[in-house]
Amino acid sequence: KSKGGPRKPCLFDDSVIDSFKNVIDACHAEGAKVSVQLQHAGPDVNQKIAGYPLVAASPIPSKDGHPTPVILTTEEIYDIIEAYGDAAVRAMKAGIDAVELHCAHGYLVSTFISPRTNKRVDEFGGCFENRMRFPRLIIENIKKKTEGKIAIIVDNSPTVMLLPVGIFDFLQDIDDYYFPQVTGNYF
């Protein structure tokens with residue numbers, strides 16, 4: 068339901084684990100570590116390929132000329148959170164070293180983070196903490212389902228949102244919570 072392009076491999080069901088494993092094993096044989104990006108194209112879904120409507124935090128097109136996405140229900144949001152965790156488990160079964168949560172470039176997660184594209188008035192909208200709830204729950208779900216056995220990387224482009232005062236303290240708090248073994252402030 069979220070494919071952004073025709074040649075993007077997906078981790079949407081167990082049938083893909085072996086093909087991912089073949090590539091990952093070949094990389095590991097050469098000494099490389101491998102990560103895979105987990106993303107939902109949201110309002111940038113290629114509808115012709117996916118066969119599903121565009122979805123987002125709010126009904127705001129991602130770009131001029133793009134169709135208006137359908138707002139996700141709370142139930143759909145929680146289903147997507149589970150799907151991210153399930154995809155991470157499939158990646159782990161294939162031998163992946165890390166997963167990257169894509170939170171940028173107008174894709175689904177960024178539509179929740181950005182005050183421009185998130186006009187929700189529920190637990191996923193409004194204040195910064197609520198707008199960060201979706202990515203936080205995805206990360207927590209991945210950690211729970213993978214039992215913390217793989218690294219989690221977050222891709223968040225600074226073009227997604229204007230950084231409010233205190234953002235670096237907030238991001239450092241997130242890092243301290245999710246990566247307590249890492250010391251030092253690198254912002």
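Sequence positions in the sequence shown follow my numbering and run 68 to 254.
For glycine and all other residues, C-beta sits at the position ideal for the given N, C-alpha and C.
Range of the contiguous beta strand (DSSP E) that encloses residue i
{"i": "residue 105", "result": "102-105"}
Beta bridge counterpart(s) of residue i as assigned by DSSP
{"i": "residue 218", "result": "165"}
{"i": "residue 137", "result": "122"}
Residue i versus the options, residue with shortest Cα-Cα distance
{"i": "residue 124", "options": "203, 137, 223 and 84", "result": "137"}
{"i": "residue 95", "options": "169, 197, 163 and 193", "result": "163"}
{"i": "residue 100", "options": "193, 88, 84 and 118", "result": "88"}
{"i": "residue 142", "options": "195, 78 and 191", "result": "191"}
{"i": "residue 109", "options": "215, 209 and 134", "result": "134"}
{"i": "residue 126", "options": "106, 178, 147 and 91", "result": "178"}
{"i": "residue 170", "options": "193, 206 and 79", "result": "206"}
{"i": "residue 153", "options": "197, 211 and 91", "result": "211"}
{"i": "residue 90", "options": "80, 219, 103 and 81", "result": "103"}
{"i": "residue 197", "options": "97, 216 and 176", "result": "176"}
Limits of the unbroken alpha helix (DSSP H) element including residue i
{"i": "residue 85", "result": "84-96"}
{"i": "residue 117", "result": "114-117"}
{"i": "residue 223", "result": "Premise fails: residue 223 is in no alpha helix (DSSP H) and is neither H nor E."}
{"i": "residue 204", "result": "200-212"}
Segments assigned beta strand (DSSP E), at least 3 residues, entirely inside the stretch 154-186: 165-169
Three CB pairs or more closer than 8 Å across the stretch 187-201 and the stretch 156-165: Flag = no, the stretch 187-201 and the stretch 156-165 do not touch.
Cβ contact (3+ pairs, closer than 8 Å) linking the stretch 113-120 and the stretch 180-194: no
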